[in-house]
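These notes are about the structure you will find just below.
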Amino acid sequence: MRLHRSIAVLAGCGVCAFGVAACGDDKKDTGGEKKSGTDNSSLSGSIRIDGSSTVQPVAEAATEGFNAEAPNVKISVGGIGTGDGFKRFCRGELQIADASRALQKDDLVDQCKSGEVEAVEVQVGIDGLSVVSHKDLEIPNDCLTTDQLKELLDPKSKVSNYKELGAGFPDKKVSFFTPGTESGTYDFFTEELLETDKEQRTEDVETSADDNQIITGITGTKGALGYVGFAFADQNKDKLKILAVDGGEGCIKPEIKTIADNSYAPLSRPLFMYPSTKTVKQPEVKAFIQYILDNNQQVNEAADYVPLTPELLEKAKTDLEAGKAVATPTE
Amino acid sequence: MADGQKTAGGSGSGSEGLIRTRTARTVREQAIKGLLVAAAVLSVLTTTGIVVTLITESTSFFEDIPFKDFFFGTDWEPLAGGEQQSFGVVPLVWSTLYLTFVALVVAIPVGLGVGVYLAEYASPRVRKIFKPIIELLAGIPTIVFGYFALVFFTPLLQDQLGLDLRVFNGLSGGIILGILVLPTIASVSEDALSAVPQSLREGAFGLGAAKWQVVVRVVFPAALSGVVAALVLGASRAIGETVVILVASGNEPNLAFDLTVAHQNMAAFIANAARSDAAAGSTAYATIFAVGATLFVMTFLLNIVAIRFVRKHRQVYD
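In the order they appear, the protein sequences are chains A and B.
Going by numbering that gives the first Met the number 0, the first residue of the first sequence is number 0, and it counts up by one from there.
Going by numbering that gives the first Met the number 0, the first residue of the second sequence is number 0, and it counts up by one from there.
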């Protein structure tokens, strides 16, 4: 996965570099200074980033691209976890905290509590996960409820045939193909949907760090079911079936729109970066987040996530520009 | 050569030239000997290095996981997280041996058949054509066999034979593994059979034996040690094969006779674990070496048994 990602990033960079070069050559005087024309080469300093391991690949992808523009900025990216990332952030150890959920009241400790450190919220991407099956697997309405998914993939699950899920389900042996423990997608699925501590069923489940192998498994095995990142499922939608998920409010199919407006719950979630009101004024920190927003598509796709929609992107840019502390979260 | 000619053609003192030649020759001989010794030492050092690495790294593994849990545990989830992580190697060893068994079920009859045919029945002309073709099969990269199994053979079994196979399954991988080791068995056993002296065959024919009787009762037993060597070579090849199983048979060993499901062998596990995100120094990572050491011991034992057998049953003909 890691390798695969960094190759994707490199490829992305290559494309972007080519694009920039071509742009510059073609229309020199039409003024492309707004986007990549921003000169980051004089920036220096260091940015410490930690927090969600889900956001980590986004930050890493961005680091590679950003450092090509601003070689003197040292960026370190960790993946300690969202909660622990906020703790470090509140002790003033980080310039940016990565989070795969919004800041909560419980996160406000130490200097955050006393108000010395105030967080600025910038959404950088969306993590969406698609449940997919073999093309011929006849799941009623092509839709599974979250409870049914739990029944199938819970660590204690004993379901060996789809017909055990109820009337209408096919008489077909189950077999699953999913990402493994090294994957953020796995963490998301097990934590958010199964509500376990990164555990899922192991019997009849084949895990792979290689998304392509998961797709091969599902497309080649009758009765196969699995999950992959939304972007990856979408690229392969001709070969397999993308199932709708019912989280209690009816069957919703994963699409850019349903993911962006959060109606495809609970299998999508926003990804954030939190600079503080102080660090966001540091030019290198601001330029780094600006880079992620300007190159939102490449950076998110390098990590198999969904880029922000134009509206969300506009809001994120406004939030970054304003640099205002996020309203004290309740709860 | 050049030196020799120069001395011969030269008008100077002959003895001096002779000595010079000798010295040059000795130096050259020494250099060549040195190179050969270096080659031998290098291979010994490499083997030692591998063994030492396997031992030290597995020692750190067995500091965390008791021997008993590893060798007798039947739950194999070394890369899983949290509570689910489990290090019972039995399913992995089972899948390894089972895949090897399937491969040998394919490769032994066919391989020996080919060997016997080429050594005893085929005309020299046929043999001249067949042998290189079989040896060509041995030269096909294993990754080609792997994808052949995955994208051609498995769908063939699924669609033409209507088998309810997972796309990554033991059946397809095992059979193709058999085809992979077939040329080894065919070629080595053919050599062994051909080496049986003609006088033995003639003697048997003289006593009125039919062709098949000569082959089965005289030539085959006489070549037994060589044939066993062929089988062991084939088995070692199958036990340690990585890529075919990695590509075609999935990422999960299975303590079951069912060949329609995934069966991962030890070598494929190592390849898979090495490219996972298991942190260097973690127990999950050390598993690679524990499995590697186990595999090493297994093939080592296999070879020892074979060498003993070959020694015991060897028949020497002048």
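Even glycine gets a Cβ: it sits at the ideal position worked out from N, Cα and C.
From a predicted model like this one, the values you see are computed outputs, not experimental measurements.
Here the C-alpha atom of Val143(B) lies approximately 53 Å from the C-alpha atom of Val279(A).
Cβ contact annotation for Pro139(A) (same chain, cutoff 8 Å, sequence separation greater than five): Gly167, Phe168, in chain order. Judged by pairs of C-beta atoms under 8 Å, the region 81-101 of chain A does not touch the region 229-240 of chain A, as fewer than three such pairs exist. For Tyr290(A), the closest alpha carbon among the candidates Thr53(A), Val57(A), Ser45(A) is that of Val57(A).
In the structure shown, Asp97(A) falls within a strand segment according to DSSP collapsed to helix, strand and coil. Contact between Ala237(B) and Val180(B) holds, with the beta-carbon distance rounding to 5 Å and staying under 8 Å. The beta-carbon of Asn271(B) is placed less than 9 Å from the nearest beta-carbon of chain A.
For Thr177(A), there is no enclosing alpha helix (DSSP H); the residue is part of the beta strand (DSSP E) that begins and ends at 174-178.
For Lys127(B), there is no enclosing beta strand (DSSP E); the residue is found in the alpha helix (DSSP H) stretching over 123-137.
Shown here, Asn160(A) sits in a strand according to DSSP, grouped into three states. Assigned with DSSP and collapsed to three states, Thr144(A) falls in strand. At a Cβ-Cβ threshold of 9 Å, Gln83(B) and Ala283(B) do not count as neighbours. Counting only runs of at least 4 residues, the region 37-80 of chain A fully encloses the following alpha helix (DSSP H) elements, listed from N- to C-terminal order: 55-68. Sequence-distant partners of Glu240(B) (beyond 5 residues in either direction) whose C-beta falls short of 7 Å from its own C-beta, in its chain, are Thr141, Leu176, Leu179, Ala266.
When the beta-carbon positions are compared, Val76(A) and Leu42(A) stay at least 9 Å from each other. Here Leu300(B) is exposed: its Cβ has fewer than 16 other Cβ atoms, across all protein chains shown, within 10 Å. In the pairwise beta carbon analysis, the region 181-189 of chain A is classified as touching the region 199-210 of chain A: at least three pairs are separated by under 8 Å. For Gln199(A), no beta strand (DSSP E) segment is defined, and its DSSP state is neither H nor E. Gly249(B) and Asn302(B) do not touch by the CB rule: their CB atoms are close to 28 Å apart, not below 8 Å. Nearest CB-CB separation between Ala223(A) and chain B: below the 9 Å threshold. In this structure, Val231(B) sits away from Ala191(B), with a CB-CB distance that is not shorter than 9 Å. Contact of Val260(B) with chain A is assigned, a C-beta pair being separated by under 9 Å.
Thr99(B) counts as buried, since at least 16 other C-beta atoms from the protein chains shown sit within 10 angstroms of its C-beta. Cβ contact annotation for Ala137(B) (same chain, cutoff 6 Å, sequence separation greater than five): Pro182, in chain order.
Inter-segment contact for the region 93-101 of chain A and the region 149-164 of chain A is absent: fewer than three beta-carbon pairs are separated by less than 8 Å.
The beta carbons of Ser132(A) and Lys240(A) sit closer together than 9 Å. Residue burial is scored here from C-beta neighbours: Arg124(B) has fewer than 16 other C-beta atoms within 10 angstroms and is therefore classed as exposed.
Ala222(B) and Lys67(B) have their alpha carbons spaced roughly 42 Å apart. Residues of the region 72-90 of chain B with a Cβ closer than 8 Å to any Cβ of chain A, in chain order: Glu76, Leu78, Ala79, Gly80, Gly81, Glu82, Gln83. Scanning Leu128(A), Thr276(A), Lys171(A) for the CA closest to the CA of Ile258(A) turns up Leu128(A). In this structure, Lys172(A) sits near Asp203(A), with a CB-CB distance shorter than 9 Å.
For Asn302(B), no chain A residue has a C-beta closer than 8 Å to its own C-beta; the minimum C-beta separation is roughly 32 Å. For Lys197(A), the residues of chain B that pass the 7 Å Cβ criterion are Gly80, Gly81, in the order they occur in the chain.
For Ala292(B) against Ser59(B), the beta-carbon gap comes to about 12 Å, at or over 8 Å, which does not count as contact. In the structure shown, Glu137(A) adopts coil according to DSSP, grouped into three states. In this structure, Phe287(A) and Ile46(A) form a Cβ contact; the two beta carbons are roughly 6 Å apart against a cut-off of 8 Å.
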